[in-house]
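Visitor:
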Amino acid sequence: MKRAVVIGGGIAGCSTAHALAKRGIQVTLFERHATLGNEASGNPCAMLYPRLSGNNDLSEFALAGYLYSLSLFKSLHFETTEFNNCGMLQLGFNAREMARIQKVAASYTDTNILRYTSQQEACQLAGMKIQYDALYFPNAGWIKPTSLYPQITQHKNISVKTLTSANKILKINDIFHIYDSENRCIEAEIVVIANANHAKDFQQSVHIATQAVRGQISLLDATPLSQNLNTIVCSDGYLSPVVDGQHSLGATYSIENTALTINAEDHLTNFHTLHLISEQLHQDLLQKESEHTTVGRVALRCTTPDYFPLLGQLLDVEALQSTPPRPNADTGTLPWQAGLYINAAHGSKGFTSAPLCAELLAALICNEPLPISETLAAQLNPNRFILREMGLKRLAKTIAISS
Ligand SMILES: Cc1cc2nc3c(=O)[nH]c(=O)nc-3n(C[C@H](O)[C@H](O)[C@H](O)COP(=O)(O)OP(=O)(O)OC[C@H]3O[C@@H](n4cnc5c(N)ncnc54)[C@H](O)[C@@H]3O)c2cc1C
């Protein structure tokens with residue numbers, strides 16, 4: 001039986017462990033904290049919806065990921081208090097967003113995926129006064145990460161090692177030796193780096209193009225009026241229906257400030273989002289809020305310049321740079337780090353992109369048909385930025401997802 005070590009116990013690592021284990025691979029999952037899903041993947045509830053902009057690769061990927069996550073989570077038979085397809089409204093709250101939702105509505109004809117709704121219908125669907133026409137995703141919803149991780153990692157082929165930080169990866173005679181901070185070593189034929197912004201800590205992946213983006217959500221206590229909210233509603237952020245007595249409202253974006261402390265300014269940014277979602281709810285929830293301390297949660301997203309995640313086998317960048325390939329080289333001749341993969345940089349949509357990426361990675365490793373087109377899969381190639389930097393733009397564009 002093949003062995004794999006997956007580094008990082010967020011949604012990317014847990015879903016990778018799940019996808020590999022169900023194919024008979026023996027997985028050891030390393031997580032440095034005491035529990036899974038402690039960092040970006042640790043919000044009280046995660047929204048599941050795609051942000052589409054028309055017919056382009058990013059939208060195709062977002063939609064494929066969304067549909068895959070929905071089908072995976074449905075197959076796990078959660079209670080509706082853990083995973084809920086409450087639907088989602090994306091509001092045309094300004095001229096640009098109105099143009100976008102109209103364009104998207106015209107591009108997709110399957111009303112099980114999305115449809116345009118008038119302001120009047122949006123009010124009925126939301127159970128609340130909404131000021132704008134909207135794009136309605138009837139199957140969108142939210143999931144509680146604390147319910148998800150035990151479900152997807154409970155498998156006879158998965159051994160979860162919490163409080164275990166992977167410090168070093170060495171390859172000796174085709175076998176990886178993964179050392180933790182206590183210098184204990186685990187051997188495996190496959191390693192998947194899934195530790196988001198810390199993927200750069202390894203010598204083998206130090207070159208990847210990622211950027212930490214701070215985000216904060218505000219958690220607002222429900223009121224009798226806000227209990228009526230039936231759907232997720234989005235303006236430039238999202239508001240969830242009541243989950244365990246609270247609404248999740250978010251999230252902010254900051255590159256400059258990456259401090260992991262909650263700040264009042266970000267709550268104000270979130271309240272502005274709420275104001276655009278529903279003036280009625282804004283007044284109602286904030287009236288209650290003034291009597292309480294506003295609580296929230298802050299974490300760092302891991303992003304790339306082109307918004308696609310990093311998924312696939314890594315190249316040996318030193319070897320690549322010392323002997324640059326011809327622009328039309330056969331990708332099989334490139335210096336691949338055989339068996340070393342990455343599943344990271346899921347930006348602000350990890351719950352709809354990481355499970356599909358995990359499935360794609362497992363299909364690649366096991367030589368199965370890919371769950372998305374090869375062209376789309378190649379967009380995720382983790383080596384694309386270094387190839388572009390070396391002036392190998394054509395190779396970066398056409399490179400197969402792995403050797
Ligand atoms: C405020 C906020 C709100 C968001 N809301 C949503 C939402 O509603 N819906 C949605 O889809 N997405 C949302 N996102 C984005 C989503 O949370 C991320 O895309 C996703 O969590 C990324 O998952 P990950 O597993 O790649 O990274 P992480 O969750 O950061 O996981 C990486 C893990 O690796 C571990 N680790 C690091 N180094 C090591 C090491 N050396 N050894 C062992 N373990 C290590 C870390 O402890 C961590 O647990 C939000 C993000 C933020 C910040």
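Numbering of the sequence shown is given in UniProt numbering, commencing with residue 1 and proceeding in unit increments. No residue lacks a Cβ here, since even glycine has one placed at the ideal position from N, Cα and C.
For His-346, count the other beta carbons within 10 Å of its own beta carbon; 16 or more makes it buried, fewer makes it exposed. Which is it?
Guide: Result: buried.
Visitor: Would you report the Cα separation of residue 406 and His-177, rounded to the nearest angstrom?
Guide: Outside the modelled stretch of the chain, which goes from 1 to 403, sits residue 406, for which no answer is possible.
Visitor: Checking 7 Å against the spacing of the C-beta atoms, do Ala-363 and His-155 come in under that value?
Guide: Taking 7 Å as the Cβ cut-off, Ala-363 and His-155 do not qualify as a contacting pair.
Visitor: Kindly list the residues whose CB is nearer than 7 Å to the CB of Ser-107, restricted to its own chain and excluding five residues on each side of it in sequence; keep chain order.
Guide: Answer for Ser-107: Gly-54, Asn-55, listed in chain order.
Visitor: Counting only runs of 3+ residues fully inside the region 321–355, write out the beta strand (DSSP E) ranges in chain order.
Guide: The qualifying runs are 336–344.
Visitor: Would you call the region 132–144 and the region 79–93 in contact, with 3 or more CB pairs under 8 Å?
Guide: Contact holds: three or more Cβ-Cβ distances are below 8 Å.
Visitor: Rounded to the nearest angstrom, how far is the Cβ of Leu-311 from that of Cys-357, given a contact under 8 Å?
Guide: Confirmed, about 5 Å.
Visitor: Within the chosen definition, does the region 329–347 reach the region 180–196 through at least 3 CB pairs nearer than 8 Å?
Guide: Cβ pair count under 8 Å is three or more, so yes.
Visitor: Taking contact to mean 3 or more Cβ pairs, one atom from each stretch, closer than 8 Å, check whether the region 12–30 and the region 205–212 are in contact.
Guide: Counting Cβ pairs under 8 Å, fewer than three are found: no touch.
Visitor: When the Cα of Thr-294 is compared with those of Asn-270, Arg-301, Asn-183, His-275, which residue comes out closest?
Guide: Taking only the C-alpha atoms, the option nearest Thr-294 is Asn-270.
Visitor: For the alpha helix (DSSP H) containing Asn-270, list its first residue and its last residue.
Guide: Note, Asn-270: alpha helix (DSSP H), 264–277.
Visitor: Beta carbon of Met-98, beta carbon of Tyr-49: below 7 Å?
Guide: Not in contact: Met-98 and Tyr-49 (Cβ atoms no closer than 7 Å).
Visitor: Looking at Ile-143: is its Cβ nearer than 7 Å to the Cβ of Phe-61?
Guide: No.
Visitor: Spell out the partners DSSP gives His-177 in its beta bridges.
Guide: Partner(s): Leu-170, Glu-187.
Visitor: Please classify Ser-373: does DSSP put it in a helix, a strand, or coil?
Guide: Coil.
Visitor: Give the secondary structure of Phe-385 by DSSP, where H, G and I count as helix, E and B as strand, and everything else as coil.
Guide: If DSSP states are grouped into helix, strand and coil, Phe-385 belongs with the helices.
Visitor: Buried or exposed, going by whether 16 or more other CB atoms sit within 10 Å of the CB of Arg-384?
Guide: Answer is buried; the Cβ neighbour count reaches 16.
Visitor: For the beta strand (DSSP E) holding Gly-312, just list the boundary residues, first then last.
Guide: Taken as a continuous stretch (DSSP letters only), the beta strand (DSSP E) holding Gly-312 covers 310–315.
Visitor: Using the DSSP secondary-structure output, state which residues sit across from Val-243 in a beta bridge.
Guide: DSSP lists Gln-246 as partners of Val-243.
Visitor: What residues in its chain sit with their C-beta under 6 Å from that of Gly-296, if we drop five residues either side in the sequence?
Guide: Around Gly-296: Gln-216, Ile-217, Ser-218, Leu-219, Ile-262.
Visitor: Using only CA atoms, which one of Gly-245, Thr-303, Asn-230, Pro-224 lies nearest to Ser-254?
Guide: Checking every option, the nearest Cα to that of Ser-254 belongs to Thr-303.
Visitor: Do Asn-270 and ligand 1 come close, with the Cβ less than 6 Å from some heavy atom?
Guide: Asn-270 Cβ: outside cutoff for every heavy atom of ligand 1.
Visitor: Do you know whose CA, among Thr-375, Ala-377, Ser-348, Glu-389, lies nearest Ala-196's CA?
Guide: Ranking the options by Cα distance to Ala-196, first place goes to Ser-348.
Visitor: State the Cα-Cα distance for the pair Ala-272 and Ala-396, rounded to the nearest angstrom.
Guide: Checking the displayed sequence, the identity of residue 272 turns out to be His instead of Ala. Distance between the alpha carbons of His-272 and Ala-396 is about 40 Å.
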